[in-house]
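Asks:
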Ligand SMILES: [Zn+2]
């Protein structure tokens, strides 16, 4: 951040009294510009034992497969965001959302939240975000062609979860020391 969104003057990275980290601060209008992690929400949409995945038509990871997901919007609940993103990427309508996993990416200031859901209807045509969408049985999942480690984490946990009939929510963190992509 270079300029204050309130008044247009130059901001500086400053230690604010009583705060623990440095913030972008505008000395002109005394605005502190807080920056916090982005939340990404999505659905592991299941139909007849198969999982819906979307092939990305946009960077990053264009051409790779991912769980339909995207940034939570202001004024939206995480469930609403997950339903919306699934529809935007695949034209898939989901219901019966259950919190499945949370995946931390502190090095890029992101938190992924995935739900399991039932895919109620699905009428895919390629769009600006997705070139292809398909249902994959557990043994068809393109592990080597997944877009993000969060996808791998959620799918692995989803499959193990189903086998163990475990209703726990899984929490994971990207390990910078063991990059997988
Ligand atoms: Zn300002």
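Numbering (this note's numbering), first residue to last: -12 to 168.
All C-beta atoms, glycine included, are put in the ideal place defined by N, C-alpha and C.
Keep in mind the model is a prediction, meaning the values are calculated, not measured.
1) Listed in chain order, which residues are found with a beta carbon closer than 6 angstroms to a heavy atom of ligand 1?
2) Is the distance from the Cβ of residue 82 to the Cβ of residue 56 below 8 angstroms?
3) With distances taken Cα to Cα, identify the nearest neighbour of residue 158 among -1, 124, 129, 100.
4) Run through the segment 60 to 138 for me and flag every whole beta strand (DSSP E) of 3 or more residues, listed as ranges in chain order.
5) Quick one: what's residue 41 bridged to in DSSP?
6) Does the segment 13 to 23 touch the segment 33 to 46, meaning 3 or more C-beta pairs lie closer than 8 angstroms?
7) Tell me whether the segment 104 to 113 and the segment 82 to 93 touch, counting them as touching only if at least three CB pairs, one residue from each stretch, are closer than 8 angstroms.
8) Roughly how many angstroms separate the alpha carbons of residue 126 and residue 30, rounded to a whole number?
9) Is it true that the CB of residue 102 sits closer than 8 angstroms to the CB of residue 69?
10) Using only the alpha-carbon positions, how far apart do residue 119 and residue 164 sit?
11) Does any CB atom of chain D fall closer than 8 angstroms to the CB of residue 40?
12) If I measure Cβ to Cβ from residue -2 and keep anything under 8 angstroms in the same chain, skipping five residues before and after, which residues do I get?
13) Whose CA, out of 0, 16, 27, lies closest to the CA of residue 9?
14) Beta strand (DSSP E) containing residue 9: first to last residue?
15) In the structure shown, what three-state DSSP assignment does residue 1 receive?
Replies: Quick look at the numbers:
1) -9, -7, -6, -4, 13, 15, 16, 18
2) no
3) 100
4) 79 to 92, 97 to 109, 117 to 123
5) 53, 120
6) no
7) yes
8) 19 angstroms
9) yes
10) 32 angstroms
11) Of the protein chains in this structure there is only one, and it is not chain D.
12) -12, -11, -10, -9, 11, 12, 13, 20
13) 0
14) 9 to 13
15) strand
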